[in-house]
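Some notes on the structure that comes next.
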Amino acid sequence: MNKKTLKIRPYARLLTMLGDQLIKNEQIALIELIKNAYDADADWVKLSFENFGDNLEVLANSKIIIEDNGEGMSLETIEKSWMNPATPNRFVKKGESKKTKKKKRIIQGDKGIGRFSILKLGKNISITTRPENSDVEFEIDYDLSAYDNDFLTENGEEKELFIDDLNIEVRTKKPAIIV
């Protein structure tokens with residue numbers, strides 16, 4: 139008898155599928171992102187809707203901007219938590235409640251999947267975050283619209299695209315505005 143060990147390798151489009159299927163609608167997606175700000179001990183969250191139609195119809199250049207004054211993410215947090223879906227860093231034993239560092243709020247997000255809410259709202263994502271007391275901020279930009287299929291076309295040939303094939307660049311820069 140022959141034996142072979144296989145690995146699970148999801149296609150990259152799983153990311154957009156999770157956003158579409160885990161998050162019921164756009165309102166829930168916004169609530170999830172506001173809960174992320176709450177869990178980051180933010181005092182305020184500002185939602186801006188730019189370039190939408192009269193009845194909030196999505197146009198080609200529509201943009202939703204979510205700003206808060208929460209604790210922000212360090213490069214290590216981006217690398218070890220944000221980039222790794224279902225991160226257990228907020229996981230606690232049943233019956234216990236984990237609280238935020240500063241304000242001692244009961245953490246709302248506990249499954250590590252709230253980040254997929256962004257993908258319910260759009261596929262072209264830009265994140266800017268600055269950890270507390272830091273003189274630098276980090277920018278992440280990615281466009282997942284090309285990954286809605288199992289294949290990418292490169293030089294006229296179809297190429298399979300798996301989640302572990304995705305590379306997302308993080309830039310470090312001086313903040314434009316210091317609050």
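Numbering-wise, the sequence shown is residues 139 to 317 according to the numbering used here. Think of the CB as a built atom: it goes at the ideal place given N, C-alpha and C, for glycine as much as any other residue.
Simplified DSSP assignment, three categories, for residue i
| i | result |
| --- | --- |
| Leu185 | strand |
| Arg309 | strand |
| Asp158 | helix |
| Ser264 | strand |
| Phe190 | coil |
| Glu170 | helix |
| Lys218 | helix |
| Asp279 | strand |
| Asp303 | helix |
| Lys236 | coil |
Pair within 9 angstroms by beta-carbon distance, residue i and residue j
| i | j | result |
| --- | --- | --- |
| Ile203 | Lys184 | yes |
| Lys312 | Glu277 | no |
| Gly260 | Asn174 | no |
| Ser255 | Leu171 | yes |
| Glu164 | Gly210 | no |
Same chain, Cβ closer than 8 angstroms to residue i, neighbours up to 5 away in sequence not counted
| i | result |
| --- | --- |
| Ile301 | Arg147, Pro148, Tyr149, Ala150, Leu152 and Leu153 |
| Val308 | Leu213, Ile216, Glu217, Phe276, Glu277 and Ile278 |
| Met221 | Ile306 |
Cut-off 7 angstroms between Cβ atoms - residues of its own chain near residue i, not counting five sequence neighbours on either side
| i | result |
| --- | --- |
| Glu275 | Thr266, Thr267, Arg268, Lys311 and Pro313 |
| Gly208 | Ala175, Ala178, Asp179 and Ala180 |
| Thr238 | Asp177, Asp179 and Ile245 |
Cβ-Cβ separation, residue j to residue i (assumed contact under 8 angstroms), whole Å
| i | j | result |
| --- | --- | --- |
| Tyr280 | Ile306 | 5 angstroms |
6 angstroms CB neighbourhood of residue i in its chain, flanking five on each side removed
| i | result |
| --- | --- |
| Ser283 | Lys261 |
Checklist entry - Is the number of C-beta pairs between the region 148-162 and the region 173-192 that are closer than 8 angstroms three or more? => result no
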